[in-house]
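Residue numbers (this note's numbering): 18 to 559.
1. Does the CB of residue 261 have a neighbour CB from chain D at under 8 Å?
2. Scan the region 241-303 and note each continuous alpha helix (DSSP H) run of 4 residues or more that stays entirely inside, going in chain order.
3. Does the Cβ-Cβ distance between residue 540 and residue 437 come in under 8 Å?
4. In the DSSP assignment, find the unbroken alpha helix (DSSP H) run with residue 363 in it and report its ends.
5. In whole angstroms, what separates the C-alpha of residue 132 from that of residue 98?
6. Below 8 Å on the Cβ atoms is my guess for residue 211 versus residue 235; work out the distance and round it to an integer in Å.
7. Does the region 287-301 come close enough to the region 271-279 that 3 or more CB-CB pairs lie under 8 Å?
8. Using a Cβ-Cβ cut-off of 7 Å (strictly less than) and excluding sequence neighbours within five positions of residue 137, which residues of its own chain qualify?
9. Would you identify the three-state DSSP class for residue 184, choosing helix, strand or coil?
10. Helix, strand or coil: how does DSSP classify residue 223 here?
11. Assign residue 537 to buried or exposed, taking buried as 16 or more other Cβ atoms, counted over all protein chains shown, within 10 Å of its Cβ.
12. The beta strand (DSSP E) spanning residue 192 covers which residue range?
13. Taking the continuous beta strand (DSSP E) assigned at residue 451, which residues delimit it?
14. Could you pull the DSSP bridge partners for residue 218 from this structure?
15. Suppose the cutoff is 6 Å on Cβ atoms and the five residues either side in sequence are ignored; what does the same chain contact list for residue 545 look like?
16. Among all the DSSP beta bridges, which residues are the ones paired with residue 340?
17. Given that a residue counts as buried once 16 or more other Cβ atoms are within 10 Å of its Cβ, and exposed if not, what is residue 227?
18. Whose C-beta lies closer than 8 Å to the C-beta of residue 81 among residues of the same chain, with five residues either side of it excluded?
19. Below 8 Å, can you find three or more Cβ-Cβ pairs linking the region 370-378 to the region 477-497?
20. Let me know if residue 43 comes out buried or exposed under the rule of 16 or more other beta-carbons within 10 Å of its beta-carbon.
21. Can you look up residue 347 in the DSSP assignment and give me helix, strand or coil?
22. I think residue 9 touches residue 218, with their Cβ atoms under 8 Å apart; what is that distance to the nearest whole Å?
23. Residue 418 lies in the alpha helix (DSSP H); which residues open and close that run?
24. Taking the C-alpha atoms as reference points, what is the distance between residue 457 and residue 344?
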């Protein structure tokens with residue numbers, strides 16, 4: 018086999034072409050590395066950093082973050098409308114917080130790994146941004162933990178509201194709702210009426226509770242105006258909000274209404290804002306109902322357990338109630354104005370019989386009764402003072418004495434005699450249990466300290482006046498010989514004056530007492546006709 022001749026000859030010296038050192042860089046003749054093998058799972062690929070830096074940062078970082086913010090806004094809007102229990106809200110918020118934290122970790126770790134593998138000049142910038150993101154997340158953790166603790170405390174307090182019963186009464190005439198207004202309270206009331214469609218009366222007894230359920234029950238009653246709402250004992254806080262939704266709103270005379278500021282059971286701005294919005298809506302509802310600005314101001318001036326408790330006149334004047342239940346009858350504002358003072362007398366055992374007497378006056382002599390109410394209304398319209406009780410007492414005795422004088426023309430002789438005996442016995446009781454001086458002051462209309470005997474004096478007076486007027490027919494006039502009565506009374510007084518002459522001194526009131534008792538004794542011993550006419554003349558005097 019022949020080879021071509023070499024261009025170089027063996028005896029020719031060739032110049033060196035290598036300086037004896039290796040080149041600084043050797044040409045890499047290896048094939049370029051293969052791209053990293055991507056996992057078939059997108060989420061796992063991001064976690065391992067197998068995605069491009071741009072895709073990891075912009076898609077899985079920025080876009081997913083914006084998506085979480087949008088989802089959170091929609092979730093909050095839904096919660097504002099759905100009003101779930103705080104327990105359910107706590108579970109939902111805690112679950113979302115854990116999910117969001119897991120997604121944040123997934124985002125940051127994937128982006129950091131993608132930056133490390135990218136070799137891009139943007140990797141440093143992205144790493145710095147991720148550091149800030151980690152610091153922001155760590156800084157937010159204490160705040161979020163505190164919010165969860167507040168939510169847990171609120172959920173615990175809310176669960177304590179679930180102490181209520183909603184059921185028909187024994188007679189099947191009303192749905193009775195008692196207890197705090199907890200979760201499901203409004204639905205339970207609505208369900209009870211749905212199950213008993215013939216019942217159109219709701220009796221509420223509640224210290225309040227969840228404002229959401231108060232508003233829900235208000236809206237239910239506003240949509241069912243044929244349901245009459247009644248309060249027999251107590252209606253406070255959120256209960257008052259529910260109550261004003263009724264078309265007919267009745268209260269018993271011993272019912273109590275309590276108004277105060279609405280309170281958020283979660284100490285957060287969102288919860289406070291929501292509660293504040295409900296309160297503003299409540300104020301608007303009161304204004305639409307006809308409540309005055311002063312009433313609305315007072316209704317929400319109290320805080321915590323301090324409540325504003327308006328009396329019946331204020332409830333009527335501000336249209337909180339439409340009727341007051343008295344002895345099974347619903348009185349309107351005008352009727353209650355005429356009955357309130359009588360009712361207050363009949364509430365107490367020691368003044369009940371005086372109330373019975375004035376009830377007879379109302380029937381027999383309406384003009385005397387109306388004049389008494391008019392005087393008391395004038396007193397009630399003035400500021401309270403030390404003279405207020407005295408003014409009421411003068412008004413009361415003015416009415417009773419006026420009725421007594423009128424009765425002397427119509428009642429029977431037996432009633433007149435019984436009244437005289439009762440009066441004599443009362444004077445003796447005051448003289449013996451207190452003093453003759455106190456007895457004389459009582460007769461002269463002067464103030465005195467009755468002490469423990471005050472109730473006994475009221476009851477004795479009440480019995481005497483009620484017994485005088487019972488069975489009396491004002492249209493039946495008795496034959497009264499005024500001349501005979503005046504003559505017999507004058508003679509009896511002369512006898513008393515001779516037997517007990519007036520003596521100047523400090524015991525003038527005691528002398529008055531003794532003379533009055535002696536006069537009554539003398540008149541009661543006269544012959545029947547003379548005694549009757551003289552007593553009528555005595556009790557007809559002012």
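From the three backbone atoms N, C-alpha and C, an ideal C-beta is built for every residue, glycine too.
For this structure:
1. Here chain D cannot be found, since the structure has a single protein chain.
2. 255-260
3. As a working mapping, residue 540 is identified with position 523 in the chain shown. As a working mapping, residue 437 is identified with position 420 in the chain shown. A contact, by the Cβ cut-off of 8 Å.
4. Locating residue 363 in the chain shown gives position 346, where the first residue counts as 1. Residue 363 -> alpha helix (DSSP H) spans 350-364.
5. One-based indexing of the chain shown puts residue 132 at position 115. One-based indexing of the chain shown puts residue 98 at position 81. Approximately 43 Å between the Cα atoms of the pair.
6. On the chain shown, residue 211 is found 194 positions in, with the first residue counted as 1. On the chain shown, residue 235 is found 218 positions in, with the first residue counted as 1. Actually they do not touch by this definition, with Cβ atoms about 18 Å apart.
7. yes
8. Position 120 of the chain shown holds residue 137. Taken in chain order, the residues that qualify are 70.
9. Taking the first residue of the chain shown as 1, we reach residue 184 at position 167. Strand, per DSSP.
10. On the chain shown, position 206 is the one that residue 223 refers to. If DSSP states are grouped into helix, strand and coil, residue 223 belongs with the strands.
11. For the purposes of this step, residue 537 is taken as the residue at position 520 of the chain shown. Buried is the call here.
12. Mapped onto the chain shown, residue 192 falls at position 175. First-last of the beta strand (DSSP E) with residue 192: 192-196.
13. Your numbering for residue 451 matches position 434 in the chain shown. Run containing residue 451: none; DSSP gives neither H nor E here.
14. By one-based count along the chain shown, residue 218 stands at place 201. Partner(s): 245.
15. Within the chain shown, numbered from 1, the residue matching residue 545 stands at position 528. So the list is empty, once near-sequence residues are dropped.
16. Working through the chain shown from its first residue, we reach residue 340 at position 323. Answer is 267.
17. For the purposes of this step, residue 227 is identified with residue 210 of the chain shown, where counting begins at 1. Flag for residue 227 reads buried.
18. Within the chain shown, numbered from 1, the residue matching residue 81 stands at position 64. Cβ within range, chain order: 120, 124.
19. yes
20. As a working mapping, residue 43 is identified with position 26 in the chain shown. Per-residue confidence for residue 43 stands at a pLDDT of 48, beneath the threshold of 50, marking its modelled position as unreliable; no derived number is given.
21. Taking the chain shown and counting its residues from 1, one reaches residue 347 at position 330. Three-state result, residue 347: strand.
22. Look at the range of the chain in this structure, 18 to 559, and you will see that residue 9 is not part of it.
23. What you label residue 418 is simply residue 401 of the chain shown in a count that begins at 1. 405-424 is the span of the alpha helix (DSSP H), which, as asked, contains residue 418.
24. As a working note, residue 457 is residue 440 in the chain shown. As a working note, residue 344 is residue 327 in the chain shown. Spanning the two alpha carbons is a distance of roughly 39 Å.
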